[in-house]
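Undergrad: In our numbering, the protein residues as written are 11 to 96.
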Amino acid sequence: KLLVELKDKLGSEIHSSEELKKILSARNYSILAHGFDPIERKTAEKFLNLAKDFIFNLVKKYNKKAVNFDFDNIYSQLDFPRLNRI
Numbered sequence: 011k012l013l014v015e016l017k018d019k020l021g022s023e024i025h026s027s028e029e030l031k032k033i034l035s036a037r038n039y040s041i042l043a044h045g046f047d048p049i050e051r052k053t054a055e056k057f058l059n060l061a062k063d064f065i066f067n068l069v070k071k072y073n074k075k076a077v078n079f080d081f082d083n084i085y086s087q088l089d090f091p092r093l094n095r096i
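#1: Out of 94, 36, 52 and 18, which has the shortest C-alpha to C-alpha gap to residue 46?
#2: Helix, strand or coil: how does DSSP classify residue 86 here?
#3: Measuring CB to CB, does residue 24 end up less than 8 Å from residue 64?
#4: Rounded to whole angstroms, what's the CA-CA distance from residue 22 to residue 93? Just pull it up for me.
#5: Quick test of your reading: residue 20 and residue 67, contact by CB under 8 Å. State the CB separation rounded to the nearest angstrom.
As C-alpha cells, this is what we get:
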C-alpha cells in the first residue's frame, strides 16, 4: 500500500493483482504463515514465481547492474530448513 501511495508503478501493479491476492490469502491461512490449512504445491510454486518476478523487477528498477540477476543462483546459496514428509 505504501508503494501505491508513493505512486510507484510496480507497487500499483502488485497491489491490483487479483492473482497475487488469491495466493497471499492461501499463504496467510496456511501453516506457512498464520493459519492451519495445508497449502498445495501448485499454489506454493505460483507464490514463489510471483515473488521471484517481483524481486527481479524491483532489483532491475533500482540497480542498473541487475541485468545478470539470477534469483535461482542466489536462492540455492541460502540455507533454508527442509521439511520432509513423514
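All residues carry an ideal CB built from backbone N, CA and C; glycine is no exception. What you are looking at is a predicted structure, and each value in this text was computed from that prediction instead of being measured.
TA: Per the coordinate set shown:
#1: 36
#2: helix
#3: Cβ atoms of residue 24 and residue 64: closer than 8 Å.
#4: 34 Å
#5: Contact holds; Cβ gap of about 6 Å.
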